[in-house]
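Undergrad: Below is a structure I'd like to ask you about.
Number of protein chains: 2
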Amino acid sequence: MLDDRSKQILCAIVQSYISKPEPVGSRFVTKKYSFGFSPATVRNIMADLEDLGFLSQPHTSAGRVPTDKGYRFYVDCLHDINEPNDSNVDMGEFLCHFAEKLEGIRNDINGMFSEVTNALSVMSNYIGVITPPKPEKTTFNRIDFIRYKGDRVVAILLTEEGVIKNKIFTVDSRLTQEDLNRIADYLNSEYSGHTIDEIKGILVRKAHREKAVWDKLITRAIKIYGQAISFAENDIFVSGLYDVMNLPDFSDISRIREISKAIKDKHTILKLLDELSDAEGVSVVIGNENPVEELKSLSVVASTYKEKDRPMGVVALIGPTRMDYSKAIYMVDTIAKCISRTFD
Amino acid sequence: MLDDRSKQILCAIVQSYISKPEPVGSRFVTKKYSFGFSPATVRNIMADLEDLGFLSQPHTSAGRVPTDKGYRFYVDCLHDINEPNDSNVDMGEFLCHFAEKLEGIRNDINGMFSEVTNALSVMSNYIGVITPPKPEKTTFNRIDFIRYKGDRVVAILLTEEGVIKNKIFTVDSRLTQEDLNRIADYLNSEYSGHTIDEIKGILVRKAHREKAVWDKLITRAIKIYGQAISFAENDIFVSGLYDVMNLPDFSDISRIREISKAIKDKHTILKLLDELSDAEGVSVVIGNENPVEELKSLSVVASTYKEKDRPMGVVALIGPTRMDYSKAIYMVDTIAKCISRTFD
DNA sequence: TTTAGCACTCTCAGCCTGAGAGTGCTAATA
DNA sequence: TATTAGCACTCTCAGGCTGAGAGTGCTAAA
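Chains as they are written, first to last, in the numbering used here: chain H, -2 to 341; chain A, -2 to 341.
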């Protein structure tokens, strides 16, 4: 749809603007990237690109700035090339180190997640995000119940992936520790290998089917298991609000307010990342492509991490639309793979 | 040290500046608070107060602004009066509601803590902080060990206060679940009621004393208990960075950067709050009184919450030095008492 | 000791200006 | 026909100037 020359010039403009946030003019393009056209020619092409919606002008006599559509075009080109550029090579070494570090804290999954978001944000100066595995995707390993202070019970749920969840709730005080053990034994022997959510369904169906021999154990198990797995909404790990403030894109206080509002209720981000969690490879969402209102002025680069090819959660970078997409894509991709590897 | 008239005027200026961040002039003081002096008299007094270091002038022909010393004087006066003022009465009702809500989530201590910081920051527009009970202050209730995936063990530690901690670590693979149970039984029957830290000391001493009959159980218990309680630094709960951005005091981007840097590494705040944790009642630290460099432009109002008169942790508000101290003190005090009550 | 009066100082918003950068259009050129 | 040189035009931005407004310090009178 775009001839070769326009394509070159558009990409040059986007690249230039990404590396320095100043409107880029025709003369600058001819000087910096010696294509062999004169500024006047470039001007004509730029005018065309503006008509097509790839560029815009802050005011009549300023240079051009990419629109979201312009960034989109650029990112799609990147996809074609996909060669590790210079800065990515620099990062490679760091990421190797990082992978080793992750291995070291494999046992502490929450620690690992905050380490990951930290590394993401420090290296990129954007906001690093990671969503932990969701209950419907995590595999039951075992559950235990411990009586605690009168009629309370602590449930400890372990998943295959290494997530530990605990919850305190109140039960019928006639239920003894032995009863609890029996229930736990039953659940552990019958259901390991299923996902947390599946088990609930199976239990309910089972109780239904065998209602002739309506088993007290199963009834109790259903009730207690239900209480034990009703956790608060999965928290997501976010880091880098401070780093992002140093970007020129957010030198304006109202933009900072906007962005902190967006990441304050993590629910919004979770919703967006959920939608991306089934995509293959790295997804890039640019500015107003974003379905969520609060994030329409930001871009998101995301990739899923997996356990044995089953997608578990999402790693992402959130930054301004004027983002170094090449770098961000490389980072998110590499780190998602690192995490997947530690799960095996 | 200050005569009655100066005292009145100083407090009036501080109050006025707290309610509206504009330098206050002599004419304004005489109009707003009808003391019966003329502006000229007030001017003389203000000049004296400036010499004494309670006030300062942004520039020659502006009104006066309180210095940290001025705020300190004001807060000390407040202490004398300590009558609930109008806005505090308004809050009273909210806080009652809040106390009920806390009761409802008593079982989920972490949930309770984030609820508390949230309420603090939303109501005050300052930053709400709470430090959870520290290991050396929490009382051991019981510990359990569960084998998990090969040679790993999950330790679940319950405290009297309702804190649940878990940790995965690796052990000698010859240690069976029965061995682990024996160790847990031993610890649970012997040591409930002591603090987490005490127990470690007791175990070590005991092993030493009985080295003739060097008991395998105790040796193992020491080793495993040590691994189980070596948690990462206690996290503190912080909330309200977004709310604080809407204050006129932080309309400047560099101040926002400063403040987010300060609360980014929670360690800094933890250090400060630790120092305040033994104080009786509400402590107020104003601006450069602050021992920590990063917080010298902020004020902290803090109070400890207790379990049966033993101080457990600290609730605090962090805000600009131009803080509504009266309100902040009232809030922090009330909420600390609420929390203490839920522990009984 | 307090107050009225007055000259003085400082900030701030508004206005203007010239330099600089970049454009769009037109006419000439390869 | 596609490209380019030239030129007038537009817009921003920093800098300087100005008058209004607010508040002070000092002095002399009450």
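C-beta: ideal position from N, C-alpha, C; glycine also.
Just so it is clear, the structure is predicted and the values come from calculations on it, not from any experiment.
Over the uninterrupted alpha helix (DSSP H) stretch that includes T331 of chain H, give me the two end residues.
TA: Note, T331 of chain H: alpha helix (DSSP H), Y322 to T339.
Undergrad: Taking a cut of 8 Å between CB atoms, which residues from the region 215 to 248 of chain A lie near chain H?
TA: Result list: A229, L238, Y239, M242, N243 and S248.
Undergrad: Output needed in chain order: residues of the region 139 to 152 of chain A with a Cβ under 8 Å from some Cβ in chain H.
TA: Here the close residues are R139, D141, I143, Y145, K146, R149 and V151.
Undergrad: With a threshold of 7 Å between beta carbons, is N163 of chain A in contact with chain H?
TA: So, interface residue.
Undergrad: Rounded to whole angstroms, what's the CA-CA distance from L92 of chain A to K324 of chain A? Just pull it up for me.
TA: Distance between the alpha carbons of L92 of chain A and K324 of chain A is about 13 Å.
Undergrad: For a contact defined as C-beta to C-beta under 8 Å, what are the partners of L7 of chain H on chain A?
TA: Here the premise fails: no neighbours, minimum Cβ distance about 32 Å.
Undergrad: For the region 191 to 252 of chain A, which segments carrying the beta strand (DSSP E) assignment without a break, of at least 3 residues, lie completely within its bounds, in sequence order?
TA: Fully enclosed beta strand (DSSP E) runs of 3 or longer: 234 to 236.
Undergrad: So, helix, strand or coil for T135 of chain A, using DSSP?
TA: Of the three classes helix, strand and coil, the one that applies to T135 of chain A here is coil, per DSSP.
Undergrad: Between the C-alpha atoms of Y322 of chain A and L314 of chain H, what's the straight-line distance to the nearest angstrom?
TA: Spanning the two alpha carbons is a distance of roughly 39 Å.
Undergrad: Just to confirm the assignment, what range does the alpha helix (DSSP H) spanning S3 of chain A have?
TA: Residues D1 to S16.
Undergrad: Comparing C-alpha positions only, which one of H:V235, H:I221 and H:N41 sits nearest to I180 of chain H?
TA: The candidate whose alpha carbon is nearest that of I180 of chain H is H:I221.
Undergrad: Against chain A, with Cβ distances strictly below 7 Å, would L155 of chain H count as a contact?
TA: Answer yes: the Cβ-Cβ gap between L155 of chain H and chain A drops below 7 Å somewhere.
Undergrad: Taking only beta carbons into account, state which residues of the region 91 to 121 of chain H come closer than 8 Å to chain A, listed in chain order.
TA: Listed by position along the chain: N104, D105 and G108.
Undergrad: Report the rounded CA-to-CA distance for S248 of chain H versus I250 of chain A, giving the unit in angstroms.
TA: Answer to the nearest angstrom: the Cα atoms are 7 Å apart.
Undergrad: Can you list the residues of chain H that F166 of chain A reaches, using a CB-CB cut of under 8 Å?
TA: Simply N104.
Undergrad: Let me know the secondary structure DSSP gives P308 of chain A once reduced to three states.
TA: Three-state result, P308 of chain A: strand.
Undergrad: Flag this pair as yes or no: are the beta carbons of I42 of chain H and R319 of chain H separated by less than 7 Å?
TA: Going by C-beta atoms, I42 of chain H is not nearer than 7 Å to R319 of chain H.
Undergrad: Out of curiosity, what's the CA-to-CA distance linking C8 of chain A and I256 of chain H?
TA: Computed Cα separation, rounded: 38 Å.
Undergrad: For I127 of chain A, which residues from the same chain have a beta carbon less than 6 Å from its beta carbon, with the 5 sequence-adjacent residues on both sides left out?
TA: Excluding positions up to five away in sequence, the list reads F110, V113, T114, F234 and V312.
Undergrad: Tell me which residues share the same chain as P245 of chain H and place their Cβ nearer than 6 Å to its Cβ, disregarding the 5 neighbours each side in the sequence.
TA: Correct list, in chain order: P18.
Undergrad: Grab the span of the alpha helix (DSSP H) containing R149 of chain A for me, first residue to last.
TA: Here R149 of chain A belongs to no alpha helix (DSSP H); instead the beta strand (DSSP E) covers R149 to T156.
Undergrad: Taking Cβ-Cβ distances shorter than 8 Å, what residues in chain A pair up with G190 of chain H?
TA: Result: empty, since nearest Cβ-Cβ is about 13 Å, beyond 8 Å.
Undergrad: Of the residues that make up the region 254 to 282 of chain A, which ones have a beta carbon closer than 7 Å to any beta carbon in chain H?
TA: Those residues of the region 254 to 282 of chain A that come within reach of chain H (Cβ to Cβ, closer than 7 Å) are R254, S257, K258 and K261.
Undergrad: Could you have a look at P129 of chain H and say whether DSSP puts it in helix, strand or coil?
TA: Coil, per DSSP.
Undergrad: How would you list, in chain order, the residues of chain A whose beta-carbon sits under 8 Å from the beta-carbon of I250 of chain H?
TA: What I250 of chain H touches in chain A: M242, S248, D249, I250 and I253.
Undergrad: For the region 23 to 51 of chain A, which segments carrying the alpha helix (DSSP H) assignment without a break, of at least 4 residues, lie completely within its bounds, in sequence order?
TA: Correct list: 23 to 29 and 36 to 48.
Undergrad: According to the Cβ coordinates, are N285 of chain H and D65 of chain H closer than 7 Å?
TA: A contact, by the Cβ cut-off of 7 Å.
Undergrad: Looking only at C-alpha atoms, which of A:K261, A:G237 and A:D240 sits nearest to V241 of chain H?
TA: Checked all of A:K261, A:G237 and A:D240; the closest Cα to V241 of chain H is A:K261.
Undergrad: How many angstroms separate the CA atom of I326 of chain A from the CA atom of R338 of chain A?
TA: Straight-line Cα distance between these residues: approximately 18 Å.
Undergrad: Can you tell me whether V201 of chain H is buried or exposed? The criterion is at least 16 other CB atoms within 10 Å of its CB, across all chains shown.
TA: Exposed.
Undergrad: Using the three-state DSSP reduction, which class does G60 of chain H fall into: helix, strand or coil?
TA: It is coil, neither helix nor strand.
Undergrad: Are the region 189 to 199 of chain H and the region 269 to 276 of chain H in contact at 8 Å, needing three or more beta carbon pairs?
TA: In short, these stretches do not touch, since the Cβ pair count stays below three.
Undergrad: Measure the alpha-carbon distance for G223 of chain A versus K197 of chain A and round it to whole angstroms.
TA: Using only the alpha carbons, I get a separation of about 7 Å.
Undergrad: Could you tell me if A37 of chain A is buried or exposed, where buried requires 16 or more neighbouring beta carbons within 10 angstroms of its beta carbon?
TA: Its Cβ having fewer than 16 others within 10 Å, A37 of chain A is exposed.
Undergrad: Does the distance from the C-beta atom of I153 of chain A to that of I153 of chain H stay below 7 Å?
TA: Going by C-beta atoms, I153 of chain A is nearer than 7 Å to I153 of chain H.
Undergrad: Hey, how far is the Cα of Y302 of chain H from the Cα of T27 of chain H?
TA: Whole-angstrom Cα-Cα distance: 42 Å.
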